[in-house]
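UniProt numbering applies: residue 1 is where the sequence shown begins, and numbers increase by one.
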Amino acid sequence: MRLRSIELALPDPAAAAAFMTDVWGMAPAGVEGETHYLRGSGTFPYLVAFARSEREFVRSTTFVCDADDLAAIAAKVAAAGWPARAVTSSDPGGGEGYVVELPDGELLRFLVGAGEVAPIAGADLPVKLTHVVFNASDAEASGHAVEDVLGFTVSDRTKGMVFVRCNDSHHSTAFARAGFASLNHVAFEMADIDAVMRGIGRLRDHGAVPAWGPGRHGPGANVYAYYIAPFGPVIEFSTAVEKVPEDYVAGAPEDWTWPPNRIDQWGISDKDFDGLRQAEERFRFHREWDAEPLHV
Ligand SMILES: [Fe+2]
Numbered sequence: 001m002r003l004r005s006i007e008l009a010l011p012d013p014a015a016a017a018a019f020m021t022d023v024w025g026m027a028p029a030g031v032e033g034e035t036h037y038l039r040g041s042g043t044f045p046y047l048v049a050f051a052r053s054e055r056e057f058v059r060s061t062t063f064v065c066d067a068d069d070l071a072a073i074a075a076k077v078a079a080a081g082w083p084a085r086a087v088t089s090s091d092p093g094g095g096e097g098y099v100v101e102l103p104d105g106e107l108l109r110f111l112v113g114a115g116e117v118a119p120i121a122g123a124d125l126p127v128k129l130t131h132v133v134f135n136a137s138d139a140e141a142s143g144h145a146v147e148d149v150l151g152f153t154v155s156d157r158t159k160g161m162v163f164v165r166c167n168d169s170h171h172s173t174a175f176a177r178a179g180f181a182s183l184n185h186v187a188f189e190m191a192d193i194d195a196v197m198r199g200i201g202r203l204r205d206h207g208a209v210p211a212w213g214p215g216r217h218g219p220g221a222n223v224y225a226y227y228i229a230p231f232g233p234v235i236e237f238s239t240a241v242e243k244v245p246e247d248y249v250a251g252a253p254e255d256w257t258w259p260p261n262r263i264d265q266w267g268i269s270d271k272d273f274d275g276l277r278q279a280e281e282r283f284r285f286h287r288e289w290d291a292e293p294l295h296v
């Protein structure tokens with residue numbers, strides 16, 4: 001199971017795509033109608049899709065998996081009674097599978113048979129998405145739900161988050177203890193620390209400073225720099241999160257504390273709490289489809 005892409009809707013997809021290519025450093029991956037696709041240097045055909053809508057919302061977050069994973073998810077989603085339906089993707093790479101709505105409203109799409117593309121050279125392109133984090137009205141319940149129904153595994157719990165993995169990377173998603181459901185942030189995996197730092201430099205050339213970072217996180221141990229995108233959401237340059245073994249023991253909040261006045265491993269990180277919170281509230285989940293019984 002691998003996190004592949006996020007599909008957003010917003011009023012000016014062309015402007016958002018221009019920022020992601022000209023400033024953030026992604027490559028264009030085509031325009032279909034009014035939907036703009038952006039890719040990284042890795043083998044996924046796209047990482048971000050921007051569709052046009054007067055309203056800002058998250059259409060879906062897409063994972064690619066094998067047929068066995070998909071069958072297991074379909075059976076458990078049907079048994080759990082979550083809203084869901086079969087889908088055939090019309091996005092680059094195609095593929096088919098299911099889109100499901102979690103109890104807190106998150107919309108996750110699982111595809112098999114989605115095509116991949118040749119990687120492209122370019123040390124400063126994001127490689128892929130490393131994680132997509134959601135604000136949850138009940139993060140603990142969300143963590144249990146994805147463990148029970150989707151086969152994901154909680155990696156760690158902190159005062160602020162429940163981190164969840166779907167392969168050997170420490171987390172591909174997480175649920176923030178926000179008290180409301182929305183997109184928390186989208187993290188782009190850079191080739192290494194230098195690529196993260198050069199990304200910060202590129203943003204600085206355009207007058208942008210991180211809303212949080214740079215720094216190195218506790219859970220996942222990734223180096224990060226968060227920005228509030230001009231089109232709304234919080235986006236992050238990140239190194240890969242660390243790999244964990246199958247028998248990794250999930251930490252509890254008391255295992256992940258910082259000394260006074262510190263919020264990262266290096267002790268250098270500042271954070272614009274208010275600005276981030278406002279940005280995190282913008283992109284909610286909106287289901288554009290009607291649920292149908294899954295034939296499992
Ligand atoms: Fe992150």
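Backbone N, C-alpha and C define an ideal beta-carbon position, used for all residues, glycine too.
8 Å CB neighbourhood of C166 in its chain, flanking five on each side removed: In the sequence shown, counting from the first residue as 1, residue 166 sits at position 166. Contacts found: M1, R2, L3, F63, L150, G151, F152, T153, S172, T173.
Residues near V296 by beta carbon distance below 6 Å, same chain, minus five either side: Locating residue 296 in the sequence shown gives position 296, counting from the first residue. Result list for V296: A74, A75, A78, in chain order.
Collapsed DSSP secondary structure at F152 in the structure displayed: Against the sequence shown, residue 152 aligns to sequence position 152. Three-state DSSP puts F152 in coil, outside helix and strand.
beta-carbon residue 347 near ligand 1 non-hydrogen atom, thresh 7 Å: There is simply no residue 347 to check, as the chain begins at 1 and stops at 296 in what is shown.
DSSP state of I6 mapped onto helix, strand, coil: Position 6 of the sequence shown, counting from 1, holds the residue named residue 6. It is a strand residue.
Ligand 1 heavy atom lying under 7 Å from the CB of Y248: In the sequence shown, counting from the first residue as 1, residue 248 sits at position 248. The answer is no for Y248.
N- and C-terminal bounds of the alpha helix (DSSP H) containing M197: Within the sequence shown, residue 197 is the residue found at index 197, counting from 1. Segment 193–205, the alpha helix (DSSP H) holding M197.
Neighbourhood of A279 by C-beta, 7 Å cutoff - its chain only, sequence neighbours within 5 removed: To locate residue 279, count along the sequence shown from 1; it is residue 279. Taken in chain order, the residues that qualify are I228, G232, P233, V234.
Neighbour-count burial assignment, K243, 16 or more Cβ in a 10 Å radius: Taking the sequence shown and counting its residues from 1, the one referred to as residue 243 is at position 243. It counts as exposed.
Any non-hydrogen atom of ligand 1 within 7 Å of V48 CB: Position 48 of the sequence shown, counting from 1, holds the residue named residue 48. Checking every heavy atom of ligand 1 against the Cβ of V48, none is found closer than 7 Å.
Collapsed DSSP secondary structure at V234 in the structure displayed: As a working mapping, residue 234 is identified with position 234 in the sequence shown. Of the three classes helix, strand and coil, the one that applies to V234 here is strand, per DSSP.
Contact belief for S155 with P103 at Cβ below 8 Å, rounded distance in angstroms: Within the sequence shown, the letter at position 155 stands for residue 155. Within the sequence shown, the letter at position 103 stands for residue 103. 20 Å between Cβ atoms; not a contact.
Identified DSSP bridge partners for A229: Residue mapping note: residue 229 aligns to position 229 of the sequence shown, counting from 1. Its beta-bridge partners do not exist; DSSP assigns none.
Proximity below 8 Å, CB of E236 to CB of A291: Along the sequence shown, read from residue 1 onward, the residue named residue 236 stands at position 236. Along the sequence shown, read from residue 1 onward, the residue named residue 291 stands at position 291. Not a contact, by the Cβ cut-off of 8 Å.
Minimum Cβ-Cβ distance from L129 to chain B less than 8 Å: Included in the structure is just one protein chain, with no chain B present.
Helix, strand or coil at S90 [DSSP, three-state]: As a working note, residue 90 is residue 90 in the sequence shown. Three-state result, S90: coil.
Completely contained beta strand (DSSP E) runs for the stretch 38–103, where each covers 3 or more residues: 48–52, 57–64, 84–88, 96–101
Start-to-end residues for the beta strand (DSSP E) that takes in G30: Within the sequence shown, residue 30 is the residue found at index 30, counting from 1. Residues 27–32.
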